[in-house]
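Before any comments, here is the structure.
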Amino acid sequence: PTLSVGVLRTWRGLGDLVAASQIAASLLLAAMLRVLMEDLSRRSLGADSPRAIRAFARLRLSSRHAAPAIFLCAVPPFLGFALPVATLLAKAMEGRGGRDLVAAAADTFLIALAGAALAVMAGGALALSARGSASPPRRALMRVATLGYALPGAVVALATVAAAAFLGVGLASGLTALLYAYVVRFATAAFNTIDGGLKQIHPMTEEAARMLGAGLPRIVRRLFLPAARPAVAAGALIVFIDICRELPATLLLRPFNFETLATSVYRLASDERLAEAAPAALLLIALSLAPVLWVNALGRRA
């Protein structure tokens with residue numbers, strides 16, 4: 008088992024919150040070290056310099072090399088998508104869905120929609136803050152604020168419960184705690200996308216708007232939102248997909264009688280009821296695939 012599974016088993020299986028916190032702390036330290044090493048490597052390689060970015064050139068293969076290349080490129084999607092989906096379809100023919108499947112799909116859609124909206128607002132606020140001075144303290148604060156995406160869901164769930172207990176706030180379980188964990192975990196995905204969209208706006212354009220007397224709310228409404236609308240939409244869709252398939256945080260923080268497609272698949276598969284889990288798994292794939300196609304369409308349009 009992995010350390011993330013160890014957090015889950017120690018907390019829910021053994022009821023030892025202290026030991027689970029120690030394992031989670033080691034994961035947090037590993038994530039911080041990874042982010043630090045990534046920053047150091049980027050600085051040493053000059054990845055942030057525009058001169059280091061090169062456009063990809065299309066390589067045209069001869070007919071003798073094209074067939075092996077097509078075969079090698081087709082193997083991963085066949086083994087990773089087509090074959091599992093075909094297996095799930097075969098299993099789904101043996102089982103049946105029902106009200107539980109419809110309810111789980113509705114809960115998944117609603118919680119993912121709400122979580123994506125909150126994460127986009129948090130990521131947008133971070134992206135606006137990042138447009139200020141790039142001082143070392145602010146840069147370090149931004150790194151800490153966007154660290155959640157590097158953490159497993161079980162660690163974020165444990166941190167949510169620990170923070171709620173420390174502050175004496177009744178968020179230890181329920182939809183509020185779940186949405187908070189989603190924002191901490193996935194706001195980074197929204198931030199990266201929105202920040203990339205805002206970087207397309209030249210700072211002189213913003214300065215001109217300020218010189219004309221426009222305040223920050225008006226600049227956001229009249230300048231940032233129209234220019235970054237594709238990035239905001241793409242960020243929301245990415246977070247929506249991530250929330251749909253998030254399992255550990257949802258499993259640990261969900262209220263009673265609340266099932267998402269991911270938790271439903273996990274529960275049924277754990278009981279070896281694969282035929283009953285297959286329809287939920289297929290619906291989860293369909294619910295996640297539509298935003299993926301939309302994100303790709305937005306990327307091509309941009």
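Going by the numbering used here, the sequence shown opens with residue 8, and the numbers climb by one from there. Note that beta-carbon positions come from the ideal geometry of N, C-alpha and C, so glycine has one too.
Short Cβ contact (9 Å threshold) for G160 with V246: Here residue 160 refers to the residue found at position 153 when the sequence shown is read from its first residue. Here residue 246 refers to the residue found at position 239 when the sequence shown is read from its first residue. In this structure, G160 sits away from V246, with a CB-CB distance that is not shorter than 9 Å.
Express the C-alpha separation of E214 and L223 in angstroms, rounding to a whole number. For the purposes of this step, residue 223 is taken as the residue at position 216 of the sequence shown. For the purposes of this step, residue 214 is taken as the residue at position 207 of the sequence shown. Roughly 11 Å separates the two Cα atoms.
Going straight from the alpha carbon of A268 to that of A256, what length do you get? Residue mapping note: residue 268 aligns to position 261 of the sequence shown, counting from 1. Residue mapping note: residue 256 aligns to position 249 of the sequence shown, counting from 1. One detail in the question is off: residue 268 reads as Leu in this sequence, not Ala. Taking the straight line joining both Cα atoms gives about 14 Å.
At the level of alpha carbons, what is the spacing between R252 and L219? Walking along the sequence shown from the start, residue 252 turns up at place 245. Walking along the sequence shown from the start, residue 219 turns up at place 212. Distance between R252 and L219, taken at the CA atoms: about 46 Å.
Presumed contact (8 Å Cβ cut-off) between L260 and A164, rounded CB distance: In the sequence shown, counting from the first residue as 1, residue 260 sits at position 253. In the sequence shown, counting from the first residue as 1, residue 164 sits at position 157. Confirmed, Cβ separation roughly 5 Å.
Determine the burial state of S136: buried for a count of at least 16 other Cβ atoms within 10 Å of its Cβ, exposed for fewer. Position 129 of the sequence shown holds residue 136. Taking every protein chain shown into account, the CB of S136 has fewer than 16 other CB atoms within 10 angstroms, so this residue is exposed.
What would DSSP say about S69, mapped onto helix, strand or coil? Taking the first residue of the sequence shown as 1, we reach residue 69 at position 62. Of the three classes helix, strand and coil, the one that applies to S69 here is coil, per DSSP.
Span separating the alpha-carbon of A76 from that of S70: Within the sequence shown, the letter at position 69 stands for residue 76. Within the sequence shown, the letter at position 63 stands for residue 70. Looking at the two C-alpha atoms, the distance is approximately 10 Å.
What is the DSSP secondary structure of G242, counted as helix, strand or coil? Translated into positions along the sequence shown, residue 242 becomes position 235. It is helical.
Would you call the CB atoms of L205 and L35 closer than 9 Å? In the sequence shown, the residue the question calls residue 205 occupies position 198. In the sequence shown, the residue the question calls residue 35 occupies position 28. Result no, Cβ atoms of L205 and L35 do not sit closer than 9 Å.
Which residue comes first and which comes last in the alpha helix (DSSP H) that contains K1? The requested residue 1 is not part of the displayed model; the chain covers only 8 to 309.
Alpha carbon to alpha carbon, how far is A196 from Y156? Give it in angstroms, no decimals. Along the sequence shown, one-based indexing puts residue 156 at 149. Along the sequence shown, one-based indexing puts residue 196 at 189. Roughly 7 Å separates the two Cα atoms.
Going by alpha carbons, who is nearest to A284 out of D23, T94, L21? One-based indexing of the sequence shown puts residue 284 at position 277. Nearest option by C-alpha distance: T94.
Pick helix, strand or coil for A59, following the three-state DSSP scheme. Within the sequence shown, numbered from 1, the residue matching residue 59 stands at position 52. Bear in mind that a pLDDT of 49 at A59, under 50, signals an unreliable position, so the number given afterwards is only what the model happens to contain. Note: A59 maps to helix in three-state DSSP.
What residues in its chain sit with their C-beta under 8 Å from that of A18, if we drop five residues either side in the sequence? Numbered from 1 along the sequence shown, position 11 holds the residue referred to as residue 18. According to the sequence displayed, residue 18 carries Trp and not Ala. Hits under 8 Å: L24, A27, A161, L165, L259.
Look up N264 in the DSSP assignment and say whether it is helix, strand or coil. Reading the sequence shown from its first residue, position 257 is the one you call residue 264. DSSP places N264 outside both helix and strand once states are collapsed to three, so it counts as coil.
How is G130 classed by DSSP in three states: helix, strand or coil? Counting from 1 along the sequence shown, the entry for residue 130 is found at position 123. The answer is helix: DSSP assigns G130 an H, G or I state.
Can the beta-carbon of L244 be found closer than 9 Å to that of V190? To locate residue 244, count along the sequence shown from 1; it is residue 237. To locate residue 190, count along the sequence shown from 1; it is residue 183. Cβ distance not < 9 Å, so L244 and V190 don't count as in contact.
Skipping 5 residues on each side, what residues in its chain have a beta carbon closer than 6 Å to that of A276? For the purposes of this step, residue 276 is taken as the residue at position 269 of the sequence shown. Excluding sequence neighbours, A276 sits near A284.
Name the residue from L90, V12, P143, P84 whose alpha carbon lies nearest to the alpha carbon of D46. Numbered from its first residue, the sequence shown carries residue 46 at position 39. From the listed residues L90, V12, P143, P84, the smallest Cα separation to D46 is found for P143.
Taking the C-alpha atoms as reference points, what is the distance between L294 and V151? What you label residue 294 is simply residue 287 of the sequence shown in a count that begins at 1. What you label residue 151 is simply residue 144 of the sequence shown in a count that begins at 1. The straight-line gap from Cα to Cα measures roughly 31 Å.
Please classify Q207: does DSSP put it in a helix, a strand, or coil? Start at 1 with the first residue of the sequence shown, and residue 207 comes out as number 200. In this structure, Q207 counts as coil in the three-state DSSP scheme.
Measuring only the C-alpha atoms, how far is L289 from D278? Counting from 1 along the sequence shown, the entry for residue 289 is found at position 282. Counting from 1 along the sequence shown, the entry for residue 278 is found at position 271. Straight through space, the alpha carbons of D278 and L289 are spaced by roughly 18 Å.
Return the CA-CA distance between Q29 and P210, expressed in angstroms with no decimal places. Position 22 of the sequence shown, counting from 1, holds the residue named residue 29. Position 203 of the sequence shown, counting from 1, holds the residue named residue 210. Approximately 45 Å between the Cα atoms of the pair.
How many whole angstroms separate the CB atoms of T153 and F198, which I take to be in contact at a CB cut-off of 8 Å? On the sequence shown, residue 153 is found 146 positions in, with the first residue counted as 1. On the sequence shown, residue 198 is found 191 positions in, with the first residue counted as 1. Confirmed, about 6 Å.
Considering just the uninterrupted stretch of the alpha helix (DSSP H) at R145, what are its terminal residues? What you label residue 145 is simply residue 138 of the sequence shown in a count that begins at 1. Counting along the chain, the alpha helix (DSSP H) containing R145 begins and ends at 143-152.
Quick one: what does DSSP say P75 is sitting in, helix, strand or coil? Your numbering for residue 75 matches position 68 in the sequence shown. Look at P75 here: in three-state DSSP terms it is helix.
Closest Cα partner of F231 within the set A241, T212, I248, G242: Here residue 231 refers to the residue found at position 224 when the sequence shown is read from its first residue. Of A241, T212, I248, G242, the smallest CA-CA separation from F231 is found for T212.
Nearest-angstrom Cα separation, counted from G22 out to R236: Within the sequence shown, residue 236 is the residue found at index 229, counting from 1. Within the sequence shown, residue 22 is the residue found at index 15, counting from 1. Between R236 and G22, the C-alpha separation is close to 45 Å.
Proximal residues to A304 (C-beta, below 7 Å), its chain only, five neighbours per side dropped: Residue mapping note: residue 304 aligns to position 297 of the sequence shown, counting from 1. Non-local C-beta neighbours of A304 in its own chain, meaning closer than 7 Å and more than five positions away in sequence, are absent.
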